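Residue numbers (the numbering used here): 92 to 257.
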């Protein structure tokens, strides 16, 4: 009896990716100094913090949540703070461990970012401010930096400090 053809073996280990759902998991807007902030000179200073969470739902289904926190100051005062947790449910099947890590930490957040960026802009506008258009992020480079830092920490070297200017 034949074990199976090479094509059948390849089909069993073939990488499969799919988007099941994209949604807002949590959103928050704070403008502690309104309405007074609207009459002040507007030279905003923007700070962006980003992270992501991964939840394995079953053997091939993952929830990835991209967390954005945007803080804008006018002088010394916080004009507003927006937090968006943009979620997505993704099917990932047949990926090697390293490739799966890349997909969950770079590829999936890259898909979620435009949705989160639009949500930030919309909420800021509804809060009475001019829209903020966050620049695209290079998730591949951010992932590579994180891997490099982990490798340096494991080998006892000093991690590279990442400084982001907004």
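Quick reminder that beta carbons are idealized off the backbone N, C-alpha and C, glycines included. In this text the structure is predicted, and so the values were computed from the model without any measurement.
- Contact between residue 187 and residue 131 is absent: CB atoms are separated by about 54 Å, not below the 8 Å threshold.
- Under the three-state reduction of DSSP, residue 139 is assigned to strand.
- Across the structure, residue 193 and residue 105 are spaced so that their CA atoms are roughly 17 Å apart.
- The C-beta of residue 179 has 16 or more other C-beta atoms within 10 Å across all chains shown, which makes the residue buried.
- DSSP places residue 214 within a helical segment (H, G or I) once states are collapsed to three.
- Counted as a single uninterrupted DSSP element, the alpha helix (DSSP H) harbouring residue 233 occupies residues 230 to 245.
- By the criterion of a C-beta distance shorter than 8 Å, residue 135 is surrounded in its chain by 163, 164, 165 and 170, once the five residues flanking it on both sides are discounted.
- For the set 231, 129, 221 and 199, the Cα lying nearest the Cα of residue 146 is the one of 199.
- Take residue 114, set aside five residues on each side of it, and the residues of its chain with a beta-carbon closer than 6 Å to its own are 178, in chain order.
- Between residue 211 and residue 143, the alpha-carbon positions lie close to 16 Å from each other.
- When DSSP states are grouped into helix, strand and coil, residue 134 belongs to the coil group.
- Between residue 185 and residue 125 a beta carbon distance of about 51 Å is seen, past the 8 Å cut, so the two are scored as non-contacting.
- Look at the region 158 to 214 and you find these whole runs of beta strand (DSSP E), each 3 residues long or longer: 168 to 184.
- Sequence-distant Cβ neighbours of residue 158 in its own chain, meaning closer than 6 Å and more than five residues away, are 142 and 176.
- Of the residues assessed, residue 181 falls on the buried side of the cut-off, its CB having 16 or more other CB atoms within 10 angstroms.
- Residue pairing from DSSP places residue 107 in a beta bridge opposite 184.
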